[in-house]
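A short worksheet on the structure shown next.
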Amino acid sequence: MCNFLFMKSKECLNENKVRKIPLVVICSPTATGKTRLALDLALPCGGEIVNADSLQVYRYLDIGTAKPTSEERQAVTHHLIDVVDPDEDFNAAVFAEQARTIIEKIAHRQKPVFVVGGTGLYIRALLQGIIATPPVDENIRNHYRGIRDRLGKEHLFGLLRERDPEAAARINPHDAVRVIRALEVLEQSGQSIVTLQKRHAFADCPYDACKIGLQIERSELKERIALRTAQMMEAGLVEEVRGILSRGYDERLKPLQSLGYKQVIEFIRGKYDRDAMVERINRDTWQYSKRQLTWFSADKSIKWFAPDQSDAIRKTIEMFRRES
RNA sequence: GGGUCGGUAGCUCAGUCGGUAGAGCAUCGGACUGAAAAUCCGAGUGUCGGCAGUUCAAUUCUGCCCUGACCCA
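Using the numbering used here, the final residue of the first sequence is 408, and nothing's skipped along the way.
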């Protein structure tokens, strides 16, 4: 089955992108076994794995992001893991750009590509593109953040309503993240984010993707999350966080405010005890997994399997390669 | 044994000068175009500790009981 993908990639290049590069995408909520499945699929066919997880891209955040181990990374080539420091900028557009470059190269090497991760927006940006705007300008963003903090969300939204009524009509006044984004796009590009979105419409699709999702019953997923949190504790997540902080990274950095890291920092700061920390990580991870499920469930092109249906998954991928 | 303050949603608590109740968190559902493990939106929650009394009407007033914390002995 891997030969077929191999052929496809070659054709794709020879015919100068007349055919789309085939991709296997493994996307599902956290703790469902994506990493394991990806290794099982990629190893026998010499495939390479492209990470699509927004936090595994950061160096030093290993235990809490459940990165593949160094053994696993030796067995199969992984891309877009450990590519930036915790204080460096990274986002969906940067991800998509880098992932596309990498996938191009893997295809050129004539290896099958497996995109694996739980960050829905990153996968969408990779497969369907994202609006083209100037890179984020931290000065501009901080300016609007300052307005939010000093004058409040209402005032911030008032600015958007004044300058870009169409965007204001589509964004919730309390959603300051999106209000700021709309304001900065307008300021940097001179265009409404709505105009750019309408023009773009997720139509930039250079790949032929076979999306595989791993589905686990709720009660079992809850158990798996609790088990994984316990394993992270045992593996030294608290020590990992202390190490990152002692490198001088500010605890307010985006990746350190993420699931797991945030709660460990609050524990270190004495906001609550170890049991409460574990409880919160479990609860917040569960909430996150539900948000992921909401996102992925809306994507009707995902084919869902139980983790033990590896034969069915292999067959599905084989069929995909034959058809594409 | 006496006194004081409590017992209201899964949790923490607000409230009803008598007309059967609410906020935050949790729970459930949803959105998501350069922060996405982020951010935001929507929904429901209940014998208002128990039993009696007064009243057209009691979660609200009164009595007794149960129960928790604290104080005195």
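Just so it is clear, CB atoms sit at the ideal spot from N, CA and C, and this is done for glycine as well.
Inset, instruction - Would you mind giving the Cβ-Cβ distance between I105 and D292, rounded to the nearest angstrom? I have them listed as a contact below 8 Å. - result: 7 Å
Legend entry - Nearest-angstrom beta carbon gap, N366 and T313 [assumed within contact, 8 Å]: 5 Å
Legend entry - Endpoints, the alpha helix (DSSP H) within which K237 is located: K237 to R247
Legend entry - Span of the beta strand (DSSP E), counted from its first residue to its last, around F389: K387 to F389
Inset, instruction - Taking the CB atoms as reference points, tell me whether V278 and A251 lie closer together than 8 Å. - result: Against a cut-off of 8 Å, the Cβ pair of A251 and V278 comes out as a contact.
Inset, instruction - Could you tell me which uninterrupted beta strand (DSSP E) segments, each at least 3 residues in length, are contained entirely in the segment 158-203, listed from first to last along the chain? - result: 197-200
Inset, instruction - Classify V278 as helix, strand or coil using the three-state DSSP reduction. - result: helix
Legend entry - Selected residue, minimal CA-CA separation from T369, among L311, G354 and Q393: L311
Legend entry - Assigned secondary structure, P113 (DSSP; H/G/I helix, E/B strand, else coil): P113: coil per DSSP, three-state reduction.
Legend entry - Three-state class that DSSP yields for K151 in the structure shown: coil
Legend entry - K295 and C111 closer than 8 Å at C-beta: yes
Inset, instruction - My understanding is that R247 touches L280, with C-beta atoms under 8 Å, so please give their C-beta distance in whole angstroms. - result: Wrong, their Cβ atoms sit about 15 Å apart, outside the cutoff.
Legend entry - Cβ contact check for the segment 199-210 and the segment 134-142: 3 or more pairs under 8 Å: Per the Cβ contact rule, the segment 199-210 is in contact with the segment 134-142 (3 or more Cβ pairs under 8 Å).
Legend entry - Span separating the alpha-carbon of P290 from that of E181: 12 Å
Legend entry - Collapsed DSSP secondary structure at G320 in the structure displayed: coil
Inset, instruction - Under 6 Å Cβ to Cβ from Q393, same chain only, skipping five residues before and after it: list those, please. - result: none
Legend entry - Closest Cα partner of E304 within the set L321, P391, L164 and V261: When C-alpha distances from E304 are compared across L321, P391, L164 and V261, the shortest belongs to P391.
Inset, instruction - For Y333, name the three-state secondary structure that DSSP assigns. - result: coil
Inset, instruction - State buried or exposed for T185, treating a residue as buried only when at least 16 other CB atoms are found within 10 Å of its CB. - result: exposed
Legend entry - Candidates K374, L145, I214 and D124, of which the one nearest M413 by Cα: Look at the range of the chain in this structure, 85 to 408, and you will see that residue 413 is not part of it.
Inset, instruction - Taking the CB atoms as reference points, tell me whether V325 and I300 lie closer together than 8 Å. - result: no
Legend entry - Sheet register partners of K295 (DSSP bridge): K295 pairs with V109.
Inset, instruction - Give the range of the beta strand (DSSP E) segment to which E132 is assigned. - result: E132 to N135
Inset, instruction - Look at the alpha carbon of G320 and the alpha carbon of I147, and state the distance between them as a whole number of angstroms. - result: Taking the straight line from one Cα to the other gives about 8 Å.
Inset, instruction - Report yes if the CB atom of K282 is closer than 8 Å to the CB atom of P257, and no otherwise. - result: Going by C-beta atoms, K282 is not nearer than 8 Å to P257.
Legend entry - Sequence-distant residues of the same chain with beta carbon closer than 8 Å to P249, five excluded per side: No residues qualify anywhere along the chain.
Inset, instruction - Give every residue of the same chain whose Cβ lies closer than 8 Å to the Cβ of L164, excluding the five residues on either side of it in the sequence, and list them in chain order. - result: The answer, listed in chain order, is V134, N135, A136, Q140, V141, F179, Q182, A183 and I186.
Legend entry - Buried/exposed call for L235, threshold 16 Cβ in 10 Å: Around the beta carbon of L235, fewer than 16 other beta carbons lie within 10 angstroms, which makes this residue exposed.
Legend entry - Cβ neighbour criterion (16 or more within 10 Å) applied to R405: With 16 or more other Cβ atoms within 10 Å, it is buried.
Legend entry - Chain-order list of residues whose beta-carbon lies under 7 Å from that of Q376 (same chain, five-residue window excluded): P113, T114, G202 and G204
Legend entry - Pairwise C-alpha distance: R103 and I264: One C-alpha to the other measures close to 39 Å.
Inset, instruction - Tell me whether the beta-carbon of V197 lies closer than 8 Å to the beta-carbon of L107. - result: yes
Inset, instruction - Determine the direct distance from the alpha carbon of K384 to that of A260, and round the result to whole angstroms. - result: 30 Å
Legend entry - Close-in-space but distant-in-sequence residues of the same chain around S431 (CB under 8 Å, 5 per side omitted): There is no way to answer for residue 431, as the model of the chain reaches only from 85 to 408.
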